[in-house]
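Trainee:
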Amino acid sequence: MTDETDAGVKIDYAEIMRRLPHRYPFLLIDKAEDFVSGVSITGIKNVTHNEPFFPGHFPIDPVMPGVMIVEAMAQTGALMMSKTLDVSVEGKIIMFMSIDGVRFRKPARPGDQLRMKVVITRQRGDIFKFRGETFIDGKLAAEADFAAMMVTVDPPVAP
């Protein structure tokens, strides 16, 4: 269910599950807010001590892998694409195309909340380019420019 606010639209976990094909342990967005169609969105990920990557990265000093932060930004962009284009996930998937200018500035640890601000920098048809910035406690933790596109997928073939 969505809730209109002056700052944009809020997107709850149930809608994220309807719009993205990702599932545990790879769904990296808990909710989103400030959605403005065709413009921007803020994805939120609550980092917990029981994330599946922490036992190996690193047991003594757990740090969320940078690639997972980038993936969380990409999923936030995919959520914005899905809602902007208002498409069903049936037979369609949003694929990550490219990433540039990635910088990690602050590690994400258990107990942190990632706030991923993603803006569309360019759109042509089903191809979107984004600028993503992830914040922890108001401080820039990671940033990247990335692109994604909507593709049609064939349904699985029954045996």
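With this note's numbering, you'll find the sequence shown wraps up at 165, consecutive numbering, no jumps. Each residue gets a CB set at the ideal place from its N, CA and C atoms; glycine is no exception.
1) Measuring straight from C-alpha to C-alpha, what distance separates Val163 and Tyr30?
2) Which whole-angstrom value describes the C-beta separation of Ile17 and Leu85, a residue pair presumed to lie in contact below a C-beta threshold of 8 Å?
3) If we count the other Cβ atoms within 10 Å of its Cβ and call it buried at 16 or more, is Thr140 buried or exposed?
4) Looking at C-alpha atoms only, which residue of Lys135, Met155 and Val108 is the closest neighbour of Glu149?
5) With burial defined as no fewer than 16 other Cβ atoms inside 10 Å of the residue's Cβ, what is the status of Thr127: buried or exposed?
6) Taking only the alpha-carbon atoms, compute the straight-line gap between Met23 and Ser104 and give it to the nearest angstrom.
7) Return the first residue and the last residue of the beta strand (DSSP E) that Ile66 is part of.
Mentor: Taking the structure as given:
1) For the purposes of this step, residue 163 is identified with residue 157 of the sequence shown, where counting begins at 1. For the purposes of this step, residue 30 is identified with residue 24 of the sequence shown, where counting begins at 1. Rounded to whole angstroms, Val163 and Tyr30 show a C-alpha spacing of 24 Å.
2) Position 11 of the sequence shown holds residue 17. Position 79 of the sequence shown holds residue 85. The pair is a contact, with the Cβ atoms about 7 Å apart (cut-off 8 Å).
3) Numbered from its first residue, the sequence shown carries residue 140 at position 134. It is buried - the Cβ of Thr140 has at least 16 other Cβ atoms within 10 Å.
4) In the sequence shown, residue 149 corresponds to position 143, counting from 1. Nearest Cα to Glu149 within the set Lys135, Met155 and Val108: Val108.
5) Stepping through the sequence shown from its first residue, residue 127 is reached at position 121. Counting Cβ neighbours within 10 Å, Thr127 comes out exposed, since fewer than 16 surround it.
6) In the sequence shown, residue 23 corresponds to position 17, counting from 1. In the sequence shown, residue 104 corresponds to position 98, counting from 1. Cα-Cα distance, rounded: 24 Å.
7) Taking the first residue of the sequence shown as 1, we reach residue 66 at position 60. From DSSP, Ile66 is part of no beta strand (DSSP E); its letter is neither H nor E.
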